[in-house]
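For any residue, its number in the numbering used here is found by taking its place in the sequence shown, counting from 1, and adding 13. For every residue, glycine included, the Cβ atom is placed at its ideal position computed from N, Cα and C. Accompanying notes for the structure given below.
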Amino acid sequence: MVHPPPAAYGRLMRIRIVDAFTDRPFAGNPAGVVLLDTDAFPDDHWLQQVAAEVNLAETAFAHPLPRAAEADWALRWFTPVTEAPMCGHATLATTHVLKATGAATGTVRFATLSGVLSATADDGGSITLDFPTATLTELRVPEKTAEVGAALGARIVAAQHAGPLIDDLLIEVADEKTVRALTPDLAALQRISHRGIIVTAAAEDPGRGYDFVSRMFAPGVGIDEDPVTGSAHTALAPYWSARFGRDELTGLQASARTGLVRTALRGDRTLLTGGAVTVIDGELLT
């Protein structure tokens, strides 16, 4: 089937690569950001092709909405192989670009597949996302728990399902050292029917500036390991807040790139705060 090109075909469009949840380049989680000057998205096939070409965990596409709308911008996220229902780091990256270009100030409201999400940039360079808090339920399927443990190569201390928007498994293991040392069987993880597997443990030394560590594997949606996952922290925040008895925590995602996510639990909403740095600003010939 031949897919027609988007209406903007033949024009140069700006595309940025932004490292999110970090204050320095080449760390955190890189996201592609494309700001469209149209009042609608191009066809899905084109959006997916661009995301596959960029080949990052997510690429965000946004276009402005009329002033009377319930949100300021429409926002969609694509992995290299599929559209994502929610993405924290690419939302933070998009907000960073909007502020840097003067296209938005203060709080920005995004219309997304997960409802209206807001992001607020402060003068110090930090951006706070207001996302729905994930609902956690104990995983009561011993066979699946055993399957995940075998794929991770680690003993599972506790297993929860996080939903409804992210559909992840949250797996606690013994300690920070175990999280950092994981070399999972990605093919086996891909066969597990969830978006991703969040593996976590309490920080070995909270004096180092973080309360818990995590890693995120999502080979089923084209992401072997996500460097820093904002949406996963909508599950990590309530999980560790219940354990520590505090609503405000800091998580370190212990991927090779690493990144810090400050979380604040506000009932059915979770605030996620971090920095961002633009590392590439180029042109996309559409």
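Neighbour-count burial assignment, Gly-243, 16 or more Cβ in a 10 Å radius: Reading the sequence shown from its first residue, position 230 is the one you call residue 243. Classification of Gly-243: buried, given that the 10 Å Cβ count is 16 or more.
Kindly provide the ranges of any beta strand (DSSP E) runs that are 3 or more residues long and lie completely inside the region 242–270, ordered along the chain. 261–266
According to DSSP, simplified to helix, strand and coil, what is His-76? For the purposes of this step, residue 76 is taken as residue 63 along the sequence shown, with counting starting at 1. Reduced to three states, the DSSP call for His-76 is strand.
Beta-carbon spacing of Val-46, Val-63 below 8 Å: Numbered from its first residue, the sequence shown carries residue 46 at position 33. Numbered from its first residue, the sequence shown carries residue 63 at position 50. Not in contact: Val-46 and Val-63 (Cβ atoms no closer than 8 Å).
So, Ala-171 versus Pro-197, is the Cβ gap smaller than 8 Å? Start at 1 with the first residue of the sequence shown, and residue 171 comes out as number 158. Start at 1 with the first residue of the sequence shown, and residue 197 comes out as number 184. No.
Which of the three DSSP states is assigned to Pro-155 in this structure? As a working mapping, residue 155 is identified with position 142 in the sequence shown. Helix, per DSSP.
Sub-8 Å separation of Thr-141 and Leu-284 beta-carbons: If you number the sequence shown from 1, residue 141 lands on position 128. If you number the sequence shown from 1, residue 284 lands on position 271. The answer is yes: Cβ separation under 8 Å.
Quick check on Ala-194: does DSSP put it in helix, strand or coil? Here residue 194 refers to the residue found at position 181 of the sequence shown. In the three-state reduction of the DSSP assignment, Ala-194 falls in the helix class.
Could you check if Ala-277 belongs to the surroundings of the ligand MN, using beta carbon to heavy atom distance under 7 Å? By its list of ligands, the structure shown contains no ligand whatsoever, and the ligand MN lies outside what it can speak to.
Which residue marks the beginning of the alpha helix (DSSP H) containing Leu-104, and which one marks its end? By one-based count along the sequence shown, residue 104 stands at place 91. According to the sequence shown, residue 104 is Thr rather than Leu. 101–114 is the span of the alpha helix (DSSP H), which, as asked, contains Thr-104.
Determine the burial state of Trp-90: buried for a count of at least 16 other Cβ atoms within 10 Å of its Cβ, exposed for fewer. For the purposes of this step, residue 90 is identified with residue 77 of the sequence shown, where counting begins at 1. Trp-90 comes out buried.
Given Val-186 as reference, the closest of Thr-158, Gln-203 and Ala-201 once Cα atoms are compared: The sequence position of residue 186 within the sequence shown is 173, counting from 1. Looking at the Cα atoms, Thr-158 is the closest of the given residues.
Using the DSSP secondary-structure output, state which residues sit across from His-174 in a beta bridge. In the sequence shown, counting from the first residue as 1, residue 174 sits at position 161. Partner(s): Thr-150 and Leu-182.
Could you give the DSSP three-state label for Val-47: helix, strand or coil? Reading the sequence shown from its first residue, position 34 is the one you call residue 47. Strand at Val-47.
Looking at C-alpha atoms only, which residue of Ala-33, Val-274, Gly-137 and Arg-37 is the closest neighbour of Ala-73? Here residue 73 is taken as the residue at index 60 of the sequence shown, counted from 1. A check of alpha carbon separations from Ala-73 across Ala-33, Val-274, Gly-137 and Arg-37 identifies Ala-33 as the nearest.
Buried or exposed, going by whether 16 or more other CB atoms sit within 10 Å of the CB of Leu-298? Position 285 of the sequence shown holds residue 298. It is exposed - the Cβ of Leu-298 has fewer than 16 other Cβ atoms within 10 Å.
Just mark Ile-293 as buried or exposed, buried being the case when its beta carbon has 16 or more other beta carbons within 10 Å. To locate residue 293, count along the sequence shown from 1; it is residue 280. Per the 10 Å Cβ criterion, exposed.
Per DSSP, what are the beta-bridge partners of Asp-294 in this structure? Position 281 of the sequence shown, counted from the start, is the residue given in the question as residue 294. Arg-29.
Could you give the distance in angstroms between the alpha-carbon of Gly-162 and the alpha-carbon of Val-94? Indexing the sequence shown from 1 puts residue 162 at position 149. Indexing the sequence shown from 1 puts residue 94 at position 81. Roughly 26 Å separates the two Cα atoms.
Leu-273 lies in the beta strand (DSSP E); which residues open and close that run? As a first step, residue 273 must be located in the sequence shown, where it is residue number 260. Unbroken beta strand (DSSP E) run through Leu-273: 272–279.
I'd like to know whether the C-beta atoms of Leu-49 and Ala-124 end up nearer to each other than 8 Å. Walking along the sequence shown from the start, residue 49 turns up at place 36. Walking along the sequence shown from the start, residue 124 turns up at place 111. Result no, Cβ atoms of Leu-49 and Ala-124 do not sit closer than 8 Å.
Do the region 168–182 and the region 143–159 make contact, defined as three or more Cβ pairs closer than 8 Å? Short answer: they touch.
Okay, do the region 119–133 and the region 258–266 touch, 3+ Cβ pairs below 8 Å being the bar? no
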